[in-house]
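As they're listed, the protein sequences go chains S and V.
With the working numbering, letter number 176 in the first sequence gets 176, and the count goes up by one each step, no holes.
With the working numbering, letter number 458 in the second sequence gets 671, and the count goes up by one each step, no holes.
Beta carbons: idealized from backbone N, C-alpha and C, even for Gly.
The next block holds one structure in the form of structure tokens; read it before the comments.
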Amino acid sequence: MSDALPAVHEQFQAPGQQLEADRLGLWVFLASEAMLFGAVFFALTVYHLIHPAAMHAATSRLDLVTGVIGTAVLLTSSTTMALAVKAAREGRRTEALIVLVGTVLLGLAFEAIKVHDWFDEYDQGLYPPMGPPFPLPQPAARLYFHLYFVSTGLHAVHLAVGILLVAGVAASLLSNRMKLPERTVTVEMVGLYWQFVDIVWIFLFPTLYLVSR
Amino acid sequence: MTAEAKKAPPKSYIEDGHTLRSWFFSTDHKGIAVLYLVSITLFFFVGGAAATLIRLELLSPNGFILSNDAYNRLFTIHGVIMVWFFLIPSIPNTFGNFLIPIMIGAKDLAFPKLNLASWWIFVFAGCFVIAALLIGGVDTGWTFYAPFSTMFSNGYVIPAVVGVFISGFSTILTGLNFIVTVHRLRAPGMTWFRLPLFVWSIYATSLVMVLATPVLATTLLLIFAERVFGLGFFDPQLGGDPVLYQHMFWFYSHPAVYIMVLPAFAVMSELMTAFSKKHIFGYKVIAFSSLAIAGLGFLVWGHHMFVAGESVYVGLVFSVLSFTIAVPSAIKVFNWTATMRKGYVSFDAPMLFALGFIGLFVIGGLTGLFVAATGLDVHLTRTYFVIAHFHFIMVGGTVSCYFGALHFWWPKMTGRMYPEMPGRIVALLIFFGFMLTFMPQFILGWLGMPRRYHLYPPEFQVLNVLSSAGASILAVAYTAPLFYLAWSLFYGKRAGLNPWGAAGLEWMIPSPPPRENFETVPVVTWEAYPYPLEPQPVAKEDGR
Numbered sequence: 001m002s003d004a005l006p007a008v009h010e011q012f013q014a015p016g017q018q019l020e021a022d023r024l025g026l027w028v029f030l031a032s033e034a035m036l037f038g039a040v041f042f043a044l045t046v047y048h049l050i051h052p053a054a055m056h057a058a059t060s061r062l063d064l065v066t067g068v069i070g071t072a073v074l075l076t077s078s079t080t081m082a083l084a085v086k087a088a089r090e091g092r093r094t095e096a097l098i099v100l101v102g103t104v105l106l107g108l109a110f111e112a113i114k115v116h117d118w119f120d121e122y123d124q125g126l127y128p129p130m131g132p133p134f135p136l137p138q139p140a141a142r143l144y145f146h147l148y149f150v151s152t153g154l155h156a157v158h159l160a161v162g163i164l165l166v167a168g169v170a171a172s173l174l175s176n177r178m179k180l181p182e183r184t185v186t187v188e189m190v191g192l193y194w195q196f197v198d199i200v201w202i203f204l205f206p207t208l209y210l211v212s213r
Numbered sequence: 214m215t216a217e218a219k220k221a222p223p224k225s226y227i228e229d230g231h232t233l234r235s236w237f238f239s240t241d242h243k244g245i246a247v248l249y250l251v252s253i254t255l256f257f258f259v260g261g262a263a264a265t266l267i268r269l270e271l272l273s274p275n276g277f278i279l280s281n282d283a284y285n286r287l288f289t290i291h292g293v294i295m296v297w298f299f300l301i302p303s304i305p306n307t308f309g310n311f312l313i314p315i316m317i318g319a320k321d322l323a324f325p326k327l328n329l330a331s332w333w334i335f336v337f338a339g340c341f342v343i344a345a346l347l348i349g350g351v352d353t354g355w356t357f358y359a360p361f362s363t364m365f366s367n368g369y370v371i372p373a374v375v376g377v378f379i380s381g382f383s384t385i386l387t388g389l390n391f392i393v394t395v396h397r398l399r400a401p402g403m404t405w406f407r408l409p410l411f412v413w414s415i416y417a418t419s420l421v422m423v424l425a426t427p428v429l430a431t432t433l434l435l436i437f438a439e440r441v442f443g444l445g446f447f448d449p450q451l452g453g454d455p456v457l458y459q460h461m462f463w464f465y466s467h468p469a470v471y472i473m474v475l476p477a478f479a480v481m482s483e484l485m486t487a488f489s490k491k492h493i494f495g496y497k498v499i500a501f502s503s504l505a506i507a508g509l510g511f512l513v514w515g516h517h518m519f520v521a522g523e524s525v526y527v528g529l530v531f532s533v534l535s536f537t538i539a540v541p542s543a544i545k546v547f548n549w550t551a552t553m554r555k556g557y558v559s560f561d562a563p564m565l566f567a568l569g570f571i572g573l574f575v576i577g578g579l580t581g582l583f584v585a586a587t588g589l590d591v592h593l594t595r596t597y598f599v600i601a602h603f604h605f606i607m608v609g610g611t612v613s614c615y616f617g618a619l620h621f622w623w624p625k626m627t628g629r630m631y632p633e634m635p636g637r638i639v640a641l642l643i644f645f646g647f648m649l650t651f652m653p654q655f656i657l658g659w660l661g662m663p664r665r666y667h668l669y670p671p672e673f674q675v676l677n678v679l680s681s682a683g684a685s686i687l688a689v690a691y692t693a694p695l696f697y698l699a700w701s702l703f704y705g706k707r708a709g710l711n712p713w714g715a716a717g718l719e720w721m722i723p724s725p726p727p728r729e730n731f732e733t734v735p736v737v738t739w740e741a742y743p744y745p746l747e748p749q750p751v752a753k754e755d756g757r
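What follows is the structure, given as structure tokens:
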């Protein structure tokens with residue numbers, strides 16, 4: 001199915017209308033996702049305010065170095081994703097393919113750093129329900145780490161979905177099932193999702209690592 | 214389903230296929246609407262059976278058929294099923310699905326496959342909740358309040374929470390689909406202010422669905438993580454705050470009240486105009502009040518926690534905001550009644566449901582002001598007064614409109630008229646049965662009978678027996694349409710294009726509509742509700 005123009009589904013009258021619908025659909029979806037993470041930020045903020053001392057003690061146990069490296073990696077992946085969208089618009093297939101693969105690799109690198117962090121924290125007893133005894137005296141510090149694992153986990157799941165999507169786009173480019181610039185909209189939409197997951201981290205990182213340090 | 218003899222060339226959506234596959238995997242919005250109709254009817258009767266047992270048990274002050282635990286499980290399952298598996302999908306997913314593309318002159322929703330997926334997700338979610346019910350039930354109440362739900366409950370919280378979590382995806386996808394459809398698929402000439410008010414109200418509902426449901430998802434995820442992985446979030450021993458849970462839950466669940474009632478408003482605007490044969494009074498005001506309700510609905514959740522340890526100042530703000538949201542709701546009611554003035558009002562069954570709605574919704578709305586007042590709420594909270602208040606809104610309001618919509622659009626969906634007299638009798642029975650069921654509960658609540666207990670002092674028995682008597686009338690009235698509507702599928706009079714003489718694109722195409730809805734894309738040159746109708750433009754637009 002390598003049509004020159006994207007196929008128009010029966011409910012639409014014109015390809016432009018379909019593109020607009022796809023874009024709007026993704027933006028609405030992202031608004032919904034923002035509310036999903038909004039609830040997590042709400043809980044985190046409330047506990048930062050109720051238990052400042054315990055939050056300070058807990059935050060200080062996080063590894064700032066890997067946190068910063070992870071953030072840098074993720075921000076770089078956003079750059080490559082943006083380059084992929086640009087390349088797709090201009091119909092440069094090889095270039096798009098290279099930056100998409102780069103995005104996947106950077107995404108995987110971030111996930112690897114995060115998994116490393118989790119194991120490291122587990123070894124220090126910072127995963128409260130299991131493993132070595134929890135090192136901090138304040139009960140609310142456990143609360144912090146519970147939220148830490150859920151919020152970083154939720155983010156990692158979203159990033160994993162993003163990696164699969166980008167890899168899928170790269171694969172269909174490679175096998176010539178997807179033509180550029182005709183299917184730019186697909187790259188754009190995957191790109192939007194990727195940037196969204198990235199922005200979530202840009203808020204999550206200071207909330208978890210910096211605010212109470 | 215029904216093999217109807219037809220001679221018109223375009224086959225109706227019902228005749229489009231006769232296999233199971235053509236029903237369960239069709240992306241046609243009308244077929245999916247029928248799937249939703251059947252599945253939520255099943256859930257309605259499961260939830261209704263629980264309510265029946267609750268009312269039976271409350272006949273006696275000592276509790277004579279159920280244990281404490283069984284009673285807790287019954288009212289929980291009643292709440293969970295009625296809220297998430299009947300009320301929330303009721304009008305949007307059946308009538309919204311069926312009508313929105315037709316009303317705006319489109320062939321389908323913007324994302325038909327997503328629409329089908331959302332039904333399958335809904336059914337998959339329902340399986341978890343039914344499983345939770347079958348293996349022993351949940352005893353937390355539909356609100357799943359922490360820390361009881363997370364630390365102490367011995368019910369099957371996990372499958373219930375997972376079921377509600379998954380059903381949320383169905384809600385979000387439906388809302389997303391409606392929003393994009395209304396923005397992008399309107400027929401030429403169908404401007405925003407020519408849209409039927411049904412579409413405006415469902416659009417406002419969709420905004421709430423998309424923005425509120427994810428917050429519930431996170432909240433349920435936290436319950437799940439606490440119960441399964443032992444990650445405490447609301448555990449007071451860790452310094453966790455159970456009131457935080459309540460804030461997060463009601464941040465979703467109060468807007469969810471508007472997910473349930475805005476679609477009823479949608480139906481009301483259609484019914485009042487069709488049976489008054491008159492242009493709606495104050496079109497734009499009604500359209501914008503729908504959006505105002507959707508917006509303000511996000512700012513009132515704190516009125517559920519006046520006595521839960523919320524600061525007095527926060528309570529005052531939430532109280533004022535809750536009073537404010539009554540304004541757009543009241544505007545709508547005034548406009549609907551003003552629409553009837555000097556109209557040619559006829560009292561067919563759908564109109565009786567609509568008038569019943571006005572009576573019940575006004576009582577529900579005004580008692581909402583009682584519980585929104587911080588001082589009075591201290592006395593009334595967690596009593597039967599609250600139960601009666603929200604049943605007046607959700608059951609008296611929304612379910613009345615759901616039945617009104619079912620009767621009004623039944624000829625369009627099936628091509629057959631329902632029998633009029635049973636319809637009218639049911640409309641009256643629902644109104645009076647409802648009054649008898651829930652009016653005594655206001656008094657019980659005022660006298661101090663707490664909700665969620667099945668034992669009560671003997672002096673409350675008379676009012677409880679009255680309430681149960683009303684419930685038995687409701688049980689008959691809710692079951693009867695099942696029989697006469699099924700009968701009408703085979704023996705009902707053929708409906709024709711427009712049995713009501715109503716305005717709107719849906720009444721200009723055959724009943725039941727063809728798979729594609731419109732042979733040619735309609736061009737809209739008229740405002741919404743162009744009453745009194747001239748027969749010419751109707752016939753011309755239909756092309757036959």
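Residue burial annotation: residue 687 of chain V is buried, with at least 16 other C-beta atoms found within 10 angstroms of its C-beta. Between the alpha carbons of residue 617 of chain V and residue 378 of chain V lies a gap of roughly 30 Å. For residue 413 of chain V, the enclosing alpha helix (DSSP H) stretches over residues 410-442. Note that the C-beta distance between residue 289 of chain V and residue 353 of chain V is below 8 Å. In the structure shown, residue 225 of chain V falls within a strand segment according to DSSP collapsed to helix, strand and coil. Collapsing the DSSP output to three states places residue 45 of chain S in a helix.
For residue 671 of chain V, the three-state secondary structure derived from DSSP is helix.
Nearest in C-alpha terms to residue 83 of chain S, of all of S:67, S:190, S:30, S:212, is S:190.
Taken through DSSP and simplified to helix, strand or coil, residue 554 of chain V comes out as coil.
Contact with chain S is found for residue 424 of chain V, since one of that chain's Cβ atoms lies less than 8 Å from the residue's Cβ. Taking 7 Å as the cut-off between beta carbons, the residues of the stretch 9-26 of chain S near chain V are 10, 11, 13, 17, 20, 21, 24, 25, in sequence order. About 23 Å separates the CB atoms of residue 630 of chain V and residue 556 of chain V; that is not less than 8 Å, and the two are not in contact. Here DSSP, grouped into helix, strand and coil, assigns residue 92 of chain S to coil. Judged by pairs of C-beta atoms under 8 Å, the stretch 636-647 of chain V does not touch the stretch 497-508 of chain V, as fewer than three such pairs exist. Setting aside the 5 residues that flank it on each side, residue 597 of chain V is surrounded in the same chain by 654, 657, 658, 662, 664, each with a C-beta closer than 7 Å to its C-beta; the list follows chain order. The beta-bridge partner set that DSSP reports for residue 727 of chain V consists of V:225. Excluding its 5 nearest sequence neighbours in each direction, residue 515 of chain V has C-beta neighbours in its own chain below 8 Å: 460, 463, 523, 527, 528, 530, 531, listed in chain order. Put simply, the backbone Cα of residue 366 of chain V is about 21 Å away from that of residue 260 of chain V. When DSSP states are grouped into helix, strand and coil, residue 707 of chain V belongs to the strand group. Proximity of chain S to residue 735 of chain V at the Cβ level (cut-off 7 Å) is not reached, the minimal Cβ distance being about 12 Å.
In this chain, the alpha helix (DSSP H) harbouring residue 459 of chain V covers 455-489. Selection S:159, S:154, S:155, S:95 evaluated against residue 174 of chain S yields S:95 as nearest (Cα-Cα).
Listed in chain order, the non-local C-beta contacts of residue 57 of chain S below 7 Å within the same chain comprise 136, 138, 141, local neighbours out to five positions each way being set aside. Taking C-alpha positions only, residue 702 of chain V is separated from residue 254 of chain V by approximately 16 Å. Note: residue 394 of chain V is not bridge-paired with any residue in the DSSP secondary-structure output. Residue 367 of chain V: not part of any alpha helix (DSSP H); DSSP gives it neither H nor E.
For residue 190 of chain S, the uninterrupted alpha helix (DSSP H) run begins and ends at 184-205, by DSSP.
With its beta carbon at least 8 Å from every one in chain V, residue 111 of chain S lies outside the interface. DSSP, reduced to helix, strand and coil, places residue 305 of chain V within a helical segment of the structure shown.
Residue state for residue 665 of chain V is assigned as coil, using DSSP reduced to three classes. Counting along the chain, the unbroken alpha helix (DSSP H) around residue 265 of chain V starts and ends at 242-270.
The C-beta of residue 427 of chain V comes closer than 8 Å to at least one C-beta of chain S.
Close CB contacts of residue 576 of chain V within its chain, under the 6 Å cut and outside five residues either way in sequence, are with 605 (chain order).
When 9 Å is used as the limit between beta carbons, residue 147 of chain S is near these residues of chain V: 435, 444, 446, in chain order.
Setting aside the 5 residues that flank it on each side, residue 37 of chain S is surrounded in the same chain by 200, each with a C-beta closer than 6 Å to its C-beta; the list follows chain order. Burial is judged here by how many other beta carbons sit within 10 angstroms of a residue's own beta carbon; residue 545 of chain V has at least 16 and is buried.
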